[in-house]
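Trainee:
Protein chains: 2
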Amino acid sequence: MTRILIVDDEPQLLRALRINLVARHYEVALADDGGSALRQAAQFHPDLVVLDLGLPDIDGVEVVCGLRGWTSVPIIVLSGRVGSQDKIDALDAGADDYVTKPFDIEELLARIRAVTRRAVPHGTQPAQIRIGERTVDLAAKTVSGDVRLTPTEWRLLELLLRNPGRLISQRQMLTEVWGAGYAKETHYLRQYMAQLRRKLEPDPARPAHLITEPGMGYRFAP
Amino acid sequence: MTRILIVDDEPQLLRALRINLVARHYEVALADDGGSALRQAAQFHPDLVVLDLGLPDIDGVEVVCGLRGWTSVPIIVLSGRVGSQDKIDALDAGADDYVTKPFDIEELLARIRAVTRRAVPHGTQPAQIRIGERTVDLAAKTVSGDVRLTPTEWRLLELLLRNPGRLISQRQMLTEVWGAGYAKETHYLRQYMAQLRRKLEPDPARPAHLITEPGMGYRFAP
DNA sequence: CGGGGGCGTAGGGAAAGCGTCAAGATACGG
DNA sequence: CCGTATCTTGACGCTTTCCCTACGCCCCCG
């Protein structure tokens, strides 16, 4: 469920927004000034902030900066000011969208959908990745079970593991690992992929995680 | 360098935007109708699309859908229509922002910055397309259900999927997939289309998505 | 009713791509 | 200076993919 923090000093607008959002199954938290907005954001960990610029205590742009200091949560700014400079300031401070009051609630909802659709779910990939019976730690550059990899093998493996499930073209692998000018040396790939499989795959002859896509490239299957 | 595709049918607006964007070191491509917009997007691979809704050939929302069929590139819609419903339709079709004309160029630039700042580098977000019971991801080159495609099959499928609903002539398919000298080898098409259908269609004998247009070409029906 | 063009399916030979073994070349540390 | 680890390069079977031919079907048209 998407969690939304609404920040506005007008009680009736706050109320109207809360009702509309709850009806659409959002989880809602409220704040009526900048200070409590920052506090609520830290506690509530919203997936989206709807922020009125005209707050009694802190300027709205300041609130945006305060949030952006530690979070990349999407922010939609509401404001009665129609001047372009206000919009530019808010957007460049880190806001994702800017809606001028008065606004149609349906439009705001559509913009909320647009912004949340784009947002990446927080919590990216962990540093530890399992390959068969082995565990690879990209940050520490270690593999469980006393397996050691050469620098070239690490570069190659990292490229694959950072794109789980995605096909990496031979060209991309060669240019990123060996450099431009080696784009045709597919021989290196076969050589080093074989070594990686020998060191990592449970059954190197039948690779289950370091997959070949003939004519195209390789992929890491988690 | 950020690459921007501008789609508008007014030459003077096109010109003004191009000048402003080039001055700010964006790389710019232009299109003046929906058809060339879709084509340009497939060729130019922009990091952002600025799209006017009032195009002569295709409705703007259709263009948004056409793009969203295969890419998650950010889209900022321009429009003279101020009605909320137009905004909602465009945003829900997959647009990221909606700016009503006339607009301040500085505001548009700020919105461009806001949208591109949020955008993740190419390909990290899956752009998935449904074909029957299968799901195709063009960026990762994956098909659900342990289906694998050969390089030629991918080139052919990509061409069709990037032009959803549109007829692709045999000539175009042959030249783009096999090369300029193969424009008459229509039996290649029958061969590979059959294979694609076998691998993707629920009932290959009665294709529901990879449609033959006798004497003309083929079409992908979403 | 017969013929022809366009379409779908099947199968086989050629070629390209892949995995592997092995050995020479190069860098690095003792 | 030598030995080891690592990176290049070459050669050889094997698999996948591509290209091509052949054949049967359907629809349109004569």
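First to last, the sequence lines map onto chains A and B. Throughout the first sequence, residue numbering follows the UniProt record's numbering, covering 1 to 222 in sequence. Throughout the second sequence, residue numbering follows the UniProt record's numbering, covering 1 to 222 in sequence. Beta carbons: idealized from backbone N, C-alpha and C, even for Gly. Here the structure is a predicted model, which means the values were calculated and not measured.
1. Using Cβ-Cβ distances below 7 angstroms, what residues of the region 96-113 of chain A are close to chain B?
2. Find the nearest neighbour of B:Asp52 within the set B:Met216, B:Thr186 and B:Ala31, judged by alpha-carbon distance.
3. Please report the distance separating the alpha-carbon of B:Leu17 from that of B:Ala140.
4. Output the boundary residues of the alpha helix (DSSP H) element that contains B:Ile6.
5. A:Gly123 to B:Leu189, Cα distance in whole Å?
6. For A:Arg162 versus A:Val177, is the C-beta distance shorter than 8 angstroms?
7. What is the DSSP secondary structure of A:Leu149, reduced to helix, strand or coil?
8. Could you check what DSSP says for A:Gly34 in three-state terms: helix, strand or coil?
9. I want to verify the contact list: residues of chain A whose CB lies under 9 angstroms from the CB of B:Thr142, in sequence order.
10. Within the 8 angstroms Cβ cut-off, does B:Arg118 reach chain A?
11. So what's B:Gly123 in DSSP terms, helix, strand or just coil?
12. Does the Cβ-Cβ distance between A:His209 and A:Gly132 come in under 8 angstroms?
13. Compute the distance between the beta-carbons of A:Glu107 and B:Ser84, then report whether it is under 8 angstroms.
14. Looking at C-alpha atoms only, which residue of A:Gln40, A:Ala95, A:Gly94 and A:Thr116 is the closest neighbour of A:Thr2?
15. Using beta carbons (cut-off 8 angstroms, strictly below), is A:Leu17 in contact with chain B?
16. Excluding sequence positions up to five away, which residues of its chain have a Cβ less than 7 angstroms from the Cβ of A:Asp96?
17. Give the DSSP-derived three-state secondary structure of A:Thr175 in the structure shown.
18. By the 10 Å Cβ neighbour count, where 16 or more other Cβ atoms means buried, how is B:Met216 classified, buried or exposed?
19. Compute the distance between the beta-carbons of A:Leu5 and A:Ala42, then report whether it is under 8 angstroms.
20. To the nearest angstrom, report how far apart A:Phe44 and A:Ala29 are at their CA atoms.
21. Ends of the beta strand (DSSP E) at A:Thr186?
22. Measuring only the C-alpha atoms, how far is B:Pro204 from B:Leu149?
23. Let me see if you follow: with CB-CB separation under 8 angstroms, is B:Leu91 close to chain A or not?
24. Should A:Leu109 and A:Leu157 be called a contact, given that it needs their Cβ atoms to be closer than 8 angstroms?
Mentor: By the coordinates alone:
1. Asp96, Asp97, Asp104, Glu106, Glu107, Ala110, Arg111 and Arg113
2. Within the second sequence, the letter at position 52 stands for residue 52 of chain B. Comparing Cα positions, the closest option is B:Ala31.
3. As a position in the second sequence, residue 17 of chain B is number 17, starting the count at 1. As a position in the second sequence, residue 140 of chain B is number 140, starting the count at 1. Cα to Cα, the separation comes out at about 33 angstroms.
4. Within the second sequence, the letter at position 6 stands for residue 6 of chain B. Segment Arg3 to Val7 is the beta strand (DSSP E) holding B:Ile6; no alpha helix (DSSP H) there.
5. Numbered from 1 along the first sequence, position 123 holds the residue referred to as residue 123 of chain A. Numbered from 1 along the second sequence, position 189 holds the residue referred to as residue 189 of chain B. Model confidence at A:Gly123 stands at a pLDDT of 46, short of 50, so the residue's coordinates are unreliable; what they give is reported in the following sentence. For A:Gly123 and B:Leu189, the distance between alpha carbons rounds to 44 angstroms.
6. Along the first sequence, one-based indexing puts residue 162 of chain A at 162. Along the first sequence, one-based indexing puts residue 177 of chain A at 177. Not closer than 8 angstroms, so no.
7. The residue you call residue 149 of chain A lines up with position 149 of the first sequence. Coil, per DSSP.
8. Indexing the first sequence from 1 puts residue 34 of chain A at position 34. Looking at A:Gly34 - three-state DSSP - the assignment turns out to be helix.
9. On the second sequence, position 142 is the one that residue 142 of chain B refers to. Neighbours of B:Thr142 on chain A, chain order: Gly165, Arg166, Leu167 and Arg219.
10. As a first step, residue 118 of chain B is located in the second sequence; it is residue number 118 there, counting from the start. Chain A, which has a Cβ nearer than 8 angstroms to the Cβ of B:Arg118, makes this yes.
11. Here residue 123 of chain B refers to the residue found at position 123 of the second sequence. Low confidence applies to B:Gly123: its pLDDT is 46, below 50, so where it sits in the model is not reliable enough to give any reading.
12. Position 209 of the first sequence holds residue 209 of chain A. Position 132 of the first sequence holds residue 132 of chain A. Yes, Cβ-Cβ distance for A:His209 and A:Gly132 is below 8 angstroms.
13. By 1-based counting over the first sequence, the position of residue 107 of chain A is 107. By 1-based counting over the second sequence, the position of residue 84 of chain B is 84. Against a cut-off of 8 angstroms, the Cβ pair of B:Ser84 and A:Glu107 comes out as a contact.
14. Walking along the first sequence from the start, residue 2 of chain A turns up at place 2. Minimum Cα distance to A:Thr2 is reached at A:Thr116.
15. On the first sequence, residue 17 of chain A is found 17 positions in, with the first residue counted as 1. No, no contact with chain B.
16. Against the first sequence, residue 96 of chain A aligns to sequence position 96. The answer, listed in chain order, is Pro74, Ile75, Ile76 and Val115.
17. To locate residue 175 of chain A, count along the first sequence from 1; it is residue 175. In this structure, A:Thr175 counts as helix in the three-state DSSP scheme.
18. The residue labelled residue 216 of chain B in the question sits at position 216 within the second sequence. Under this definition B:Met216 is an exposed residue.
19. For the purposes of this step, residue 5 of chain A is taken as the residue at position 5 of the first sequence. For the purposes of this step, residue 42 of chain A is taken as the residue at position 42 of the first sequence. Result no, Cβ atoms of A:Leu5 and A:Ala42 do not sit closer than 8 angstroms.
20. Position 44 of the first sequence, counted from the start, is the residue given in the question as residue 44 of chain A. Position 29 of the first sequence, counted from the start, is the residue given in the question as residue 29 of chain A. So the alpha carbons of these two residues sit roughly 7 angstroms apart.
21. As a first step, residue 186 of chain A is located in the first sequence; it is residue number 186 there, counting from the start. Unbroken run through A:Thr186 is the alpha helix (DSSP H), Thr186 to Leu200; no beta strand (DSSP E).
22. Your numbering for residue 204 of chain B matches position 204 in the second sequence. Your numbering for residue 149 of chain B matches position 149 in the second sequence. Going by the C-alpha atoms only, they are around 16 angstroms apart.
23. Against the second sequence, residue 91 of chain B aligns to sequence position 91. Yes, B:Leu91 lies at the interface with chain A (some Cβ there is under 8 angstroms from its Cβ).
24. Indexing the first sequence from 1 puts residue 109 of chain A at position 109. Indexing the first sequence from 1 puts residue 157 of chain A at position 157. No, these two residues do not count as a Cβ contact at 8 angstroms.
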